[in-house]
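Residue numbers (my numbering): 657 to 1070.
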């Protein structure tokens, strides 16, 4: 006697998910592209914005059937609950890596004993390429610069004092801080030549200058005044690059001061104060220079690397107390050493990371003299870069109609 098999069972096709088998009664697939429909007031047509391919979606009506269907059902339920993508063996589309996009719907009834129906919605799974996690290197520089400013201010209040100092030591300190104010004003003039637009800044500076006689006896207040003025310079600049250029004028501050013989306690105090006053201004300028360097949009890889190496070297020297242009070496506390070293590390990471994507300087030689448009197209495949080619090679290209052949032209590679 033959066993009766219902016609619908003969139509079942095998499939599996995470190697758990089931039968497939039917399957649907969605393919296409992601489209954002933009509809505007007073316009009768919409604008469909193509946002790229849409992930393939698969709806599978799966069946677990048989005398031991409960065990098989539970295995499939466990597979569906596992975390992450899994392998779907689709009867029509082969093997696909998918993720369950909505909870599975399971149907069982007394009328269909020994059978469980699963409605499964899958979406094709890819790699998590975007958004990618990236360290905020600029923020690390900002925080390190703040910490370094705190460290050098505290260090200054430890090293500098006029307590019980003779009159000539106080006079020397006053002369030095007046000189510092002049140097800061010179740095400011390198940024904005018109003092009339700097009312707030100049009012602050005037207040500091007018209080120098008392400030030189209040190390903490003087340190905060200097840090504030040097920090404000970058806000006056039209760009971080301009601010960095201005700060560079202070990187060797104090190197022109004469050496003071440490022959008596008073002279030792005078020499220590001189080193502390010069160091405060120089270190503050270097710290702010590092801060703004992390905001500069360098035109080329070479510029970014040059700035990185120069600033890193200067921070290394300051951390070690080795200032080549200074006649008086400055003692460095552990706190200042750690803070300047941390700033150097943060800056190197930031500029290295950003330099990678900057264009690099290279050389190209044309076989013959041609117009700039032709030269730009021949070198870059883009005639609109003719002006760039001319500006980078001003000494070689005297006329845009004649870019010399046989000459090594400086170009930027993407």
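Note that beta-carbon positions come from the ideal geometry of N, C-alpha and C, so glycine has one too. Note that this is a predicted model, so its numbers are computed, not measured.
DSSP state of residue i mapped onto helix, strand, coil
{"i": "residue 862", "result": "helix"}
{"i": "residue 739", "result": "coil"}
{"i": "residue 956", "result": "coil"}
{"i": "residue 873", "result": "coil"}
{"i": "residue 704", "result": "strand"}
{"i": "residue 830", "result": "helix"}
{"i": "residue 766", "result": "helix"}
{"i": "residue 677", "result": "strand"}
{"i": "residue 799", "result": "helix"}
{"i": "residue 915", "result": "coil"}
{"i": "residue 760", "result": "coil"}
{"i": "residue 974", "result": "helix"}
{"i": "residue 997", "result": "helix"}
{"i": "residue 906", "result": "coil"}
{"i": "residue 750", "result": "strand"}
{"i": "residue 1068", "result": "strand"}
{"i": "residue 920", "result": "coil"}
{"i": "residue 931", "result": "helix"}
{"i": "residue 839", "result": "helix"}
{"i": "residue 817", "result": "coil"}
{"i": "residue 847", "result": "coil"}
{"i": "residue 825", "result": "helix"}
{"i": "residue 951", "result": "coil"}
{"i": "residue 660", "result": "Note on residue 660: pLDDT 43, under 50, position unreliable in the model; the coordinate value appears next. In the structure shown, residue 660 sits in coil (DSSP, three-state: anything other than H, G, I, E or B)."}
For residue i, the nearest candidate out of the options (CA to CA)
{"i": "residue 992", "options": "837, 1003 and 974", "result": "974"}
{"i": "residue 1020", "options": "841, 772, 1059 and 990", "result": "1059"}
{"i": "residue 750", "options": "738, 691 and 780", "result": "780"}
{"i": "residue 941", "options": "959, 844 and 924", "result": "844"}
{"i": "residue 825", "options": "1018, 916, 935 and 963", "result": "916"}
{"i": "residue 688", "options": "702, 711, 694 and 701", "result": "711"}
{"i": "residue 1033", "options": "920, 874 and 1067", "result": "1067"}
{"i": "residue 880", "options": "802, 796 and 745", "result": "802"}
{"i": "residue 876", "options": "997, 1036, 818 and 905", "result": "818"}
{"i": "residue 884", "options": "740, 970, 936 and 737", "result": "936"}
{"i": "residue 886", "options": "964, 792, 864 and 715", "result": "864"}
{"i": "residue 746", "options": "758, 776, 772 and 768", "result": "776"}
{"i": "residue 839", "options": "800, 816 and 911", "result": "911"}
{"i": "residue 741", "options": "772, 694, 979 and 782", "result": "782"}
{"i": "residue 681", "options": "771, 938 and 907", "result": "771"}
{"i": "residue 1154", "options": "716, 971 and 913", "result": "The structure shown does not extend to residue 1154, since the chain is modelled only from 657 to 1070, so the question has no answer here."}
{"i": "residue 847", "options": "831, 873, 890 and 809", "result": "890"}
{"i": "residue 998", "options": "804, 737, 743 and 691", "result": "804"}
{"i": "residue 948", "options": "928, 893, 919 and 933", "result": "893"}
{"i": "residue 728", "options": "676, 700 and 702", "result": "676"}
{"i": "residue 1052", "options": "1037, 1036 and 1022", "result": "1022"}
{"i": "residue 882", "options": "938, 913, 929 and 855", "result": "938"}
{"i": "residue 907", "options": "735, 704 and 979", "result": "979"}
Whether residue i touches residue j by CB criterion (7 Å)
{"i": "residue 903", "j": "residue 945", "result": "yes"}
{"i": "residue 961", "j": "residue 1011", "result": "yes"}
{"i": "residue 720", "j": "residue 678", "result": "yes"}
{"i": "residue 762", "j": "residue 774", "result": "yes"}
{"i": "residue 895", "j": "residue 822", "result": "no"}
{"i": "residue 794", "j": "residue 1006", "result": "yes"}
{"i": "residue 1017", "j": "residue 958", "result": "yes"}
{"i": "residue 950", "j": "residue 797", "result": "yes"}
{"i": "residue 1061", "j": "residue 1025", "result": "yes"}
{"i": "residue 714", "j": "residue 753", "result": "no"}
{"i": "residue 1029", "j": "residue 1039", "result": "yes"}
{"i": "residue 964", "j": "residue 1004", "result": "yes"}
{"i": "residue 924", "j": "residue 968", "result": "no"}
{"i": "residue 815", "j": "residue 932", "result": "yes"}
{"i": "residue 827", "j": "residue 872", "result": "no"}
Residues that residue i bridges to, as DSSP identifies them
{"i": "residue 894", "result": "Per DSSP, none; premise fails for residue 894."}
{"i": "residue 776", "result": "716"}
{"i": "residue 755", "result": "779"}
{"i": "residue 670", "result": "679"}
{"i": "residue 943", "result": "In DSSP, residue 943 forms no bridge with anything."}
{"i": "residue 745", "result": "672 and 751"}
**Q.** Continuous beta strand (DSSP E) assignments of at least 3 residues falling wholly in the segment 1016-1064
**A.** 1016-1021
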